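Residue 52 in UniProt numbering sits at position 52 of the sequence shown, and the numbers go up by one each step. Comments concern the structure below.
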Amino acid sequence: MDDAITLKKLEIFLTFMRTGTLAGAAEALDISSVSVHRAIHSLEEALKCPLFRQEGRLLVPLPSAETLAEQGLQVMQLMDDAIKATRETAGVYSNQFKLGALYSLTLNTVPQLIAGLKLRKGDLNIELMLNSNTQLFKQLRSLELDVILVALPEEFHEADVLTLPLYQDDICLAVPPDSPLRHLKETDLSGLDQATFVTLNKAFATSRDSYRAFENAGMTPNVVMEVSDIFSLISMVSAGVGLALLPRRVEAVFENKIRLIPLAKDCQVIQNITMVCLANRERDPRILSCIAECRHYARRQHPAP
Numbered sequence: 001m002d003d004a005i006t007l008k009k010l011e012i013f014l015t016f017m018r019t020g021t022l023a024g025a026a027e028a029l030d031i032s033s034v035s036v037h038r039a040i041h042s043l044e045e046a047l048k049c050p051l052f053r054q055e056g057r058l059l060v061p062l063p064s065a066e067t068l069a070e071q072g073l074q075v076m077q078l079m080d081d082a083i084k085a086t087r088e089t090a091g092v093y094s095n096q097f098k099l100g101a102l103y104s105l106t107l108n109t110v111p112q113l114i115a116g117l118k119l120r121k122g123d124l125n126i127e128l129m130l131n132s133n134t135q136l137f138k139q140l141r142s143l144e145l146d147v148i149l150v151a152l153p154e155e156f157h158e159a160d161v162l163t164l165p166l167y168q169d170d171i172c173l174a175v176p177p178d179s180p181l182r183h184l185k186e187t188d189l190s191g192l193d194q195a196t197f198v199t200l201n202k203a204f205a206t207s208r209d210s211y212r213a214f215e216n217a218g219m220t221p222n223v224v225m226e227v228s229d230i231f232s233l234i235s236m237v238s239a240g241v242g243l244a245l246l247p248r249r250v251e252a253v254f255e256n257k258i259r260l261i262p263l264a265k266d267c268q269v270i271q272n273i274t275m276v277c278l279a280n281r282e283r284d285p286r287i288l289s290c291i292a293e294c295r296h297y298a299r300r301q302h303p304a305p
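Written out as structure tokens, the structure reads:
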């Protein structure tokens with residue numbers, strides 16, 4: 001590309017196309033009309049094609065100018081987006097904060113964290129996005145999200161992210177409220193090899209942990225349905241479609257629809273509810289505020305003796 005084609009000249013050209021006159025463009029940009037005319041003429045020379053025809057003192061756009069204006073607007077928007085993404089990656093402050101979380105965390109954890117974060121940074125515009133573990137990590141790494149709240153296994157370690165544990169939750173057997181199993185103090189999954197089960201699809205952490213529990217019990221579950229959110233899963237269990245494995249955190253809200261039974265020690269699985277951000281964005285002031293609030297939340301879950 002010719003060195004004479006610059007973003008500044010493109011900005012002047014686009015302003016002229018918007019205002020329609022040299023004087024209007026000059027006023028909008030706080031430069032002289034001569035500077036506007038010079039920039040437009042320089043673009044024509046660099047492009048090696050005319051953009052305008054002269055009618056007296058007026059410059060009338062040719063089709064080539066309309067094409068450059070249409071494409072140039074896209075270039076300027078892409079550049080704005082690139083600058084914004086670069087600044088956010090470097091930790092330059094923005095009022096927009098995008099938080100991602102698992103559906104099940106909206107019952108208690110997410111509302112408390114958002115309330116605390118708003119007290120710390122009242123000017124933050126917090127956008128909440130709900131998804132599966134797999135999708136949340138993809139969105140974090142593509143910079144669609146600033147922080148995610150997910151369930152991680154004990155052995156999780158990836159160098160490009162920073163993790164902050166919030167609390168642990170255990171996986172339980174979910175049965176309908178009128179199930180004969182509801183009075184059990186605990187259950188061994190190996191004794192349920194004839195039962196039918198409903199699960200979340202495999203992108204979800206609870207699905208992953210459910211299959212780990214089945215593996216620990218040495219059984220292959222008879223899965224009759226997969227669903228795409230935890231609330232549908234609870235409804236299927238309540239309706240008697242099948243049993244399921246669910247985290248204990250849903251019990252208090254849905255105790256009228258399901259009963260949760262602890263798993264026997266041999267098949268227990270623990271979920272680690274964790275805040276995750278990209279390691280290279282840790283110094284972003286918004287993320288620092290979220291880290292501080294998550295630490296405060298974690299301390300409340302494990303008060304000092």
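Ideal Cβ placement from N, Cα and C applies to all residues, glycine included. Model, not experiment: these values are computed from the prediction.
Give me whichever residues DSSP pairs with residue i in a beta bridge.
i: L260; result: A174
i: L123; result: First, the amino acid is wrong: residue 123 is Asp here, not Leu. The partner list for D123 (beta bridge, DSSP) is empty, contrary to what the question assumes.
i: P165; result: T274
i: R53; result: V60
i: T15; result: Per DSSP, none; premise fails for T15.
i: N222; result: T196
i: Q96; result: N125
i: A217; result: Its beta-bridge partners do not exist; DSSP assigns none.
i: L151; result: It is worth fixing the name first, because residue 151 is Ala in this sequence and not Leu. Its beta-bridge partners are I273.
i: V227; result: L200
i: A85; result: Partner(s): none; A85 has no beta bridge.
i: L145; result: DSSP, once it has assigned bridges, lists no residue as partnering L145.
i: A101; result: L130 and L149
i: T187; result: L263
i: P247; result: I171
Please tell me whether residue i and residue j are closer than 8 angstroms, where the distance is taken between their beta carbons.
i: L102; j: L149; result: yes
i: A39; j: I12; result: yes
i: L243; j: L173; result: yes
i: D166; j: C294; result: First, the amino acid is wrong: residue 166 is Leu here, not Asp. Contact flag set, yes.
i: H186; j: A264; result: According to the sequence as given, residue 186 is Glu; it is not His. Their beta carbons are under 8 angstroms apart, which means E186 touches A264 by this criterion.
i: S132; j: F204; result: yes
i: S32; j: A25; result: no
i: V224; j: T196; result: yes
i: V269; j: N216; result: yes
i: Q271; j: D178; result: no
i: L43; j: I5; result: yes
i: residue 312; j: L117; result: Because residue 312 is not part of the residues shown, which for the chain are 1 to 305, the question remains open.
i: R120; j: A252; result: no
i: G218; j: P176; result: no
i: L7; j: M79; result: yes
i: L245; j: A213; result: yes
Between the options, which has its C-alpha nearest residue i's C-alpha?
i: I258; options: L29, A159 and S238; result: S238
i: R299; options: A65, Q168 and M129; result: Q168
i: P285; options: D3, F97 and L260; result: F97
i: H296; options: T109, D2, A23 and D80; result: T109
i: L22; options: F197, R53, I273 and R57; result: R57
i: T274; options: E155, H183 and V223; result: E155
i: D266; options: L107, D188, L73 and N95; result: D188
i: R283; options: V161, A82 and E66; result: V161
i: P262; options: D3, H183 and V34; result: H183
i: A151; options: I171, Q194, S142 and L117; result: I171
i: P50; options: V34, L68, V75 and S35; result: L68
i: E66; options: D2, S94, T220 and L10; result: L10
i: R18; options: P180, D2 and V36; result: V36
i: S235; options: Y211, P221 and N256; result: N256
i: T220; options: D193, E226 and L73; result: D193
i: A95; options: V34, E127 and M76; result: Before going on, a small fix: residue 95 reads as Asn here, not Ala. The shortest Cα separation from N95 among V34, E127 and M76 belongs to E127.
i: V75; options: L113, S64, Q135 and L14; result: L14
i: P153; options: P111, Y211 and K48; result: Y211
Which same chain residues end up closer than 8 angstroms to residue i when comparing Cβ atoms and leaving out the 5 residues on each side of it in sequence?
i: Q139; result: G100, M129, N131, L145 and I148
i: residue 329; result: Lying before the first or after the last residue shown, residue 329 is absent from the chain, which here runs from 1 to 305.
i: A279; result: A159, D160, V161 and L162
i: R141; result: D160 and L278
i: A85; result: L143
Keeping to the same chain, check which residues put their C-beta closer than 7 angstroms to that of residue i; ignore five residues upstream and five downstream.
i: I287; result: D146, V147, C277 and R281
i: R248; result: D169, D170, C172 and L260
i: L62; result: P50, L51, F52 and R53
i: residue 313; result: Only positions 1 to 305 of the chain appear in the structure, and residue 313 is not among them; the question remains open.
i: L73; result: L14
i: D2; result: A46
i: I113; result: According to the sequence as given, residue 113 is Leu; it is not Ile. Excluding sequence neighbours, L113 sits near E293, C294 and Y297.
i: F254; result: I234
Counting only beta-carbon separations shorter than 8 angstroms, does residue i have a partner in chain D?
i: R295; result: Considering every chain present, this structure includes no chain D. It has just one protein chain.
Return the chain-ordered list of same chain residues with a C-beta closer than 6 angstroms to the C-beta of residue i, the five sequence neighbours on each side being excluded.
i: T134; result: A203
i: A115; result: none
i: E226; result: T199 and N201
i: L64; result: Looking at the sequence provided, one finds Ser at residue 64 rather than Leu. Same-chain partners within the cutoff: C49 and L51.
Determine contact between the stretch 224–232 and the stretch 101–115, defined as no fewer than three beta-carbon pairs at a distance below 8 angstroms.
Under the 8 angstroms Cβ criterion, the stretch 224–232 counts as touching the stretch 101–115, having at least three qualifying pairs.
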